[in-house]
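Residues 2 to 405 (this note's numbering) make up the sequence shown, in order. Just so it is clear, CB atoms sit at the ideal spot from N, CA and C, and this is done for glycine as well. Predicted model, so just to flag it, every value in this text is computed and none were measured.
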Amino acid sequence: SSNTSRPKASCRPALRTMAHAMPLASPAPSAQRGGSRRSLGSPSAMLSLAALLVPAARAQFGGGPGGGGGLGGLNPPPPNCSPFKCPAGQVAVGKADHQIWSYGCKDADTNNVFSMADFDMNDPMKSLNKHKNRLHKCCVERDICKQTCGMTSKDCHEVFQKCTKKSCKGDQNCALQALMADIMSEPSVGEEKFDPEANKCKAYDRGQKEACMCVPKDEFKSSTETKLKAFYQKFNPEKLNNDGEIKDVGDVWKKWKGKEAEMFMALAGKYRDNAVEIREKPKRPPPSYGDSKPTPSKPKEEDQDDDAAEQAEPAEAKSPTPPPADGDTDAAAFEARRAELESKKKRATADEDFDVAQEAKDELSALAKAEVTRLQARKAEAVKTEDYLEAKRLKARIAKLEEL
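This is the structure in C-alpha cells:
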C-alpha cells in the first residue's frame, strides 16, 4: 500500500542520523551495561547494522526494490570539494615522483554487511566476501582519480558510481556494500566518533595536496611532459626513444591537450597493478570497557625495596612528587625528544598522514621504555645507598611513564 512503500519524509532525518552516527568500533549496548561484549565485526552485529543502514540509505538517497539510480537505487550525491589552488600566475601540475596508493576495498571493515539472500548457515562469512574483489577494483579507480592532479571530486564520484553499477549489475546487496565502502573509505583512528560528513572530502583534499604542485603558467607544458616521461620510464619504457624523450609527443598533445588530468588517470588505471601501491588500512583500537588495564607485575625483590622506601621515608616527604633532579642531562634529553615526537605526531595527525603519525607513536613508545629501564637502574642504586626519597621520586616517574 502507499503507506508502506517508502519511509515518510519526516522519518528520514532520524534514519540518517541513526546510520551516520553509529561508529563501527563502538561497543554494543549490552557491553556498555556490563553484558556480553559484542563488537560490530561479529555476524550478529553486522546483521543489525545492515538492518539499520538499508532503510536509512534508501530513505536518504532514494530507490528501493526495483528502483533505479546508481548503486542499485542507492544514489548518493557527489561531494562538493574545493579543487587544488595555486597563487596568481601559476597553475597546478602533477608531481613527477608522486606514488599513487589506495586502501582498496578488500579490508573487511569497509564491507561487512550481510546479504540475507546469500546467507549460508554452513558458511556465515560467505556473503561478506562475495563482492569484495569486484568492488576492490572500483575503490582503486576512485583513489587513482582522487590522486590525479586536476580531477574534480565530482569526476571521482562518477568514476566510482559507474564502476560499481557495472560491477553490481543491479544486485542491491552489492550496492549496499559499495555504498558502505565509499562511506568508510577513510580510516577512523583514535577515539573520535566517525563523521561521514567530515570524511566526504578528506581523501580528495589529501590526494590533490600530495599529487599537485604549482608552476608558472609558461612551464605547464614542460612540467607535464616531465611527469609523462617519468611515468613511462617506470612502467612502459618503450614509449620513449633512445634519448629518453617521448615518442610522437606531438600526437600526445593533439589528443590530450586540455585533458591532461584525464590522460594521467587513464594511464594509472591501465597500469594500476604496478602503478598503484595497495596499503593496509590502519585499524581503530579496540573499545575500552572501563579501566581494565592490568597492573604490570613486579619482581618480589623490587616490591620489598619499595616497601623499604615507604617505611623509611620521613613524614614531610609525603608532599607531591618532586621534579627531575637538576643535572640529570639524560632526563632533559628524554623530555626534549619526547616533546619533539609529540609535536611530530600531532602535525601528522592534523595533516592526516597516518603512517607518519604511527611512526611517531612507535618511537614515543620505544623512548618511554628506554627511559623506564634507565630510571629503574637509578632507583635500584638509590635503594642500595638508602636514598629513599630519591627512590620514591624515581618510582613516581616510572609509574607515569608506564601509563603512556
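Where glutamine 91 is concerned, the enclosing beta strand (DSSP E) starts and stops at 91 to 95.
According to the DSSP secondary-structure assignment, cysteine 213 is paired through a beta bridge with Gly95. Between the C-alpha atoms of proline 217 and cysteine 150 there is a straight-line separation of about 16 angstroms.
DSSP places serine 103 in the uninterrupted beta strand (DSSP E) bounded by 101 to 103.
Secondary structure at glutamate 142: helix, using DSSP grouped into helix, strand and coil. Straight-line spacing of the CA atoms in proline 78 and glutamate 159 works out to 10 angstroms.
Rounded to the nearest whole angstrom, the CA to CA distance from leucine 136 to alanine 378 is 55 angstroms. A contact is defined here as three or more CB-CB pairs under 8 angstroms, and the region 166 to 185 fails this definition with respect to the region 230 to 238. When rounded, the separation of the alpha-carbon atoms in lysine 203 and alanine 89 is 25 angstroms. Using a 10 angstroms sphere on the CB of alanine 269, the tally of other CB atoms reaches 16 or more, which defines it as buried. In this structure asparagine 237 is exposed. Its beta-carbon is surrounded by fewer than 16 other beta-carbon atoms within 10 angstroms.
Rounded to the nearest whole angstrom, the C-alpha separation of isoleucine 247 and glutamate 226 is 8 angstroms.
Taking every protein chain shown into account, the CB of asparagine 76 has 16 or more other CB atoms within 10 angstroms, so this residue is buried. Looking at the DSSP output, glutamate 278 shares a beta bridge with Trp102. Rounded to the nearest whole angstrom, the C-alpha separation of alanine 392 and valine 373 is 13 angstroms. If you check the CB distance, phenylalanine 221 and valine 141 do not come in under 8 angstroms. Within the region 317 to 383, no complete beta strand (DSSP E) segment of 3 residues or longer occurs. The C-alpha of tryptophan 254 is placed about 15 angstroms away from the C-alpha of leucine 241. The C-alpha of aspartate 252 lies about 30 angstroms from the C-alpha of lysine 138. Beta-bridge annotation (DSSP): leucine 241 is paired with Ile247. Just so you know, the alpha carbons of leucine 342 and glutamate 364 end up roughly 7 angstroms apart. Membership of threonine 225 in the alpha helix (DSSP H) is indicated by the continuous run 221 to 236.
In this structure, alanine 212 places its C-beta atom within 8 angstroms of the C-beta atom of glycine 95. Around glycine 245, the same chain offers Lys230, Gln234 as residues with beta carbons nearer than 8 angstroms, after the five sequence neighbours per side are excluded. If you check the CB distance, alanine 358 and lysine 346 come in under 8 angstroms. For asparagine 76, there is no enclosing alpha helix (DSSP H), as DSSP marks it with neither H nor E. Between tyrosine 205 and cysteine 82, the CB-CB gap stays under 8 angstroms. Here glycine 259 is exposed. Its C-beta has fewer than 16 other C-beta atoms within 10 Å.
Distance from glutamine 100 to glutamate 278 at the Cβ level is roughly 6 angstroms; contact confirmed, criterion being Cβ atoms closer than 8 angstroms. Distance between leucine 180 and aspartate 144, taken at the CA atoms: about 15 angstroms. Put simply, the backbone Cα of alanine 397 is about 18 angstroms away from that of threonine 386.
Assignment of cysteine 202 by DSSP, reduced to helix, strand and coil, places it in the coil class. Contact annotation: lysine 210 and proline 80 have beta-carbon atoms that are not nearer than 8 angstroms.
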